[in-house]
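**Q** Just passing along the structure, written as structure tokens.
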């Protein structure tokens, strides 16, 4: 089973129901393994997965106990509850990995945005420095200054005028 566009494999966490006792024992072993893992915030698993894995293990134990007790109706009910728990666990993990993927995508876009804004700030600083250095040449004429600065800084005259006007107001 996979989740998201980048096909994160959930095989490790997919509690697959096989036929009979062998399948329940496999579910129990996998749930106990996950439940007994120490919590590590860096392994990209939701914090509550351990508690859910404990619930799955407990339900699998109950199913095994009821099968041995020959109570078919109770065993079927417990098996159904186990299936629901396994399904909810998989949904939780798939959602978690989807959110992790979205967070990584957001961070990538934010880094690109920061780079662009840094370039804009650099150009603005360059324009203001040029204006400050040649201030007596322009005698406060922002439009004339913007036209000349436009040859140095590759932005529209209107943008440069706005930068200079804001700088003068300060």
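Residue numbers (my numbering): 11 to 180.
Quick reminder that beta carbons are idealized off the backbone N, C-alpha and C, glycines included.
1. In chain order, what residues of the same chain have a beta carbon less than 7 Å from the beta carbon of residue 89, not counting five sequence neighbours either side?
2. Would you tell me roughly how many angstroms separate the C-alpha atoms of residue 99 and residue 65, rounded to the nearest one?
3. What does the alpha-carbon distance come out to for the pair residue 109 and residue 58?
4. Quick check: what's the CA-CA separation for residue 115 versus residue 122?
5. Taking only the alpha-carbon atoms, compute the straight-line gap between residue 95 and residue 79 and give it to the nearest angstrom.
6. When DSSP labels each residue in this structure, what does residue 80 get in the three-state scheme?
7. Drop a sphere of 10 angstroms on the beta-carbon of residue 39, count the other beta-carbons inside from all chains shown, and report buried for 16 or more, exposed for fewer.
8. From residue 103 to residue 93, what distance separates their C-alpha atoms?
9. Spell out a yes or no on whether the segment 143-150 and the segment 125-135 are touching, meaning 3 or more CB-CB pairs, one atom from each, closer than 8 Å.
10. In chain order, what residues of the same chain lie with their CB nearer than 6 Å to the CB of residue 159, ignoring the 5 residues before and after it?
11. What do you reckon, are the CB atoms on residue 45 and residue 70 nearer than 8 Å?
12. Taking the alpha-carbon of residue 175 as reference, which of 164, 101, 155, 161 has the nearest alpha-carbon?
**A** Quick answer:
1. 73
2. 10 Å
3. 15 Å
4. 11 Å
5. 22 Å
6. coil
7. exposed
8. 15 Å
9. no
10. 137, 140, 170
11. no
12. 155
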